[in-house]
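Trainee:
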Amino acid sequence: MLATRGDRLPAGAEWCHEVKWDGMRVLAEVTSGRARLWSRNENDVTVSFPELAGLDVPDGLLDGEVVALDAGRPSFGALAERMHQRNARRAAALAESRPVTLLVFDLLREGDRDLTGLPLEQRRARLERLDPATASCQVPAAYDDGEMLLEATRQQQLEGVVSKRLSSRYVPGARSPHWLKFPHRPRSSWVVGGWRPETGSTDRVGAVLVGEVTPAGLVFRGRVGSGIAGRTAPVLRALLAPLAAERSPFVDPVPRVDAVGTRWVRPELVVDVESLGFSHHDRLRQPSFRGVRTDLTPADLAGGE
DNA sequence: TTCCGACAGTGGGGTCGCAAT
DNA sequence: ATTGCGACCCCACTATCGGAA
C-alpha cells in the first residue's frame, strides 16, 4: 500500500500522522523468529540486510522502512551502499560497519490471521502489543497533531509526513487516498548550462543541465527532466535555441555527456526546480522542473541562494 | 457525459553486478 | 583489469485510456 501525494494536511481525530522515513520500503515475513525481507518490487532482499534477519516476534507479516541512521537522521546515501549488495559475506561486513534499522509501522498478518481487513487503528494496536523492538528494529510513534509534526520534520530536516486515516483497511499494492504524503521539497533557482534531447529524439528537450553561480564559475548541480515533457518542452527549446554554444559553460566536468547527448548553451536562462535537497555529490536529488524565471538573471543568483 | 485512477513512458541521482572490451 | 550498461532502489510528472460516477 502506497501513499498519494497530498496538497493539504488533513486535520481531525480520524487521522494519525507519522514521519516520512527516507529509506527503503520493505515487507518483513517472520517465520520462527527469522525474517525474510521483500522489496516493493517483490524482490527478496533478505541477504542485503543480515542484521535484520532475527526478529523476536511471533510469525507474521510486518510493513516498514529500512533506514540507515546517521547521527539520528536517515541517510539514503548510506543506505544505497547497502541495498544493492547481494553477496552474503560482503553484506555481513557492511552490516558490521554501517548497520541499518527497520522501522515498522504496520502489521498485516499475525500468525495465520490476515489483518488487512482491519482498520489501521486496530492493526496499529496489535503491532504495539507485539512490540517487535530490538537493537535494529523499532516502531516509530504516530502523532495526533499533523501540523506540529510537519513543522518538526522541517526543522529536523526529515523528509516529511505521512498522514493515515485511522479507519483505513490495508489494500496491498494500492496507492491509497487514505494515506497521504507531504514531503518537504523546497524550491530553488538555477542557471541552465545545457540540455539533452529526449531519448529517441534529436530536437525535443528531455532534460536541462543546471548549475550554481559561484565565484569560480558555474558549477554543475545535475540534470532536471521531470516536469518538462509535454507543453513545456517546445517552450524551453525556443528559449534555448538562441543561446546555443560550442563549449560547456560549467567549470567542472559533466558526467555522461556523450552517453545521453548534450547541447551546451550560454548560461543566461534561470529556472526553478523542486528537489529533495542534494545527493552525496552535491547533485539535486529527485529534481522536478517548476518553470522559467524570466524575472531573474544569473547575476541575481550570484552570492544569494 | 464527465471525471478519475491506473498505467506506461519520459526524466532525475545513486549503487552494484556482470558482460563486453 | 577496466568500462559501460542494465537492474535495482528512491522518485516526479504527463499523456492516455477505460471504467466509475
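Numbering (this note's numbering), first residue to last: 2 to 306.
Note that CB positions come from ideal geometry on N, CA and C, so glycine has one too.
From the DSSP output, which residues share a beta bridge with Ser164?
Mentor: Its beta-bridge partners are His18, Leu181.
Trainee: DSSP on Phe50, reduced to helix/strand/coil?
Mentor: coil
Trainee: Helix, strand or coil, according to DSSP, for Glu269 in the structure here?
Mentor: coil
Trainee: With distances taken from CA atoms, which of Val258, Asp296, Asp253 is nearest His282?
Mentor: Ranking the options by Cα distance to His282, first place goes to Asp253.
Trainee: What would DSSP say about Arg87, mapped onto helix, strand or coil?
Mentor: coil
Trainee: Can Glu269 and Leu237 be called in contact, C-beta distance under 7 Å?
Mentor: no
Trainee: Would you list the residues sitting across from Gly207 in a DSSP beta bridge?
Mentor: In DSSP, Gly207 forms no bridge with anything.
Trainee: Taking only the alpha-carbon atoms, compute the straight-line gap between Leu285 and Ala142 and give it to the nearest angstrom.
Mentor: 30 Å
Trainee: Report the residue from Glu111, Gly231, Ala29, Leu219 whose alpha carbon sits nearest the alpha carbon of Cys138.
Mentor: Ala29
Trainee: Indicate the three-state DSSP secondary structure (helix, strand or coil) for Pro243 in the structure shown.
Mentor: Reduced to three states, the DSSP call for Pro243 is helix.
Trainee: Find out if the Cβ-Cβ distance for the pair Glu213, Gly207 is shorter than 7 Å.
Mentor: no
Trainee: Kindly list the residues whose CB is nearer than 6 Å to the CB of Ala217, restricted to its own chain and excluding five residues on each side of it in sequence; keep chain order.
Mentor: Excluding positions up to five away in sequence, the list reads Val252.
Trainee: Please name the residue, chosen from Ala136, Thr117, Thr135, that lies closest to Arg127 on a Cα-to-Cα basis.
Mentor: Thr117
Trainee: Does Thr154 pass the burial test, meaning 16 or more other C-beta atoms within 10 Å, or should it be called exposed?
Mentor: buried
Trainee: Could you spell out where the beta strand (DSSP E) holding Met25 opens and where it closes?
Mentor: 25-32
Trainee: For my contact list, Met25 and Val67 are in at a C-beta cut-off of 8 Å; report their separation, rounded to the angstrom.
Mentor: 5 Å
Trainee: Around the C-beta of Ser164, are 16 or more other C-beta atoms found within 10 angstroms, so that it is buried, or is it exposed?
Mentor: That one is buried.
Trainee: Buried or exposed: Asp204, going by 16 or more other Cβ atoms within 10 Å of its Cβ?
Mentor: The Cβ neighbour count for Asp204, taken over all protein chains shown within 10 Å, is under 16; the residue is labelled exposed.
Trainee: Kindly indicate which three-state DSSP category Thr298 falls into: helix, strand or coil?
Mentor: coil
Trainee: Go through its chain and collect everything with a Cβ distance to Asp60's Cβ below 6 Å, but skip five positions before and after it.
Mentor: Contacts found: Val31, Thr32, Gly112.
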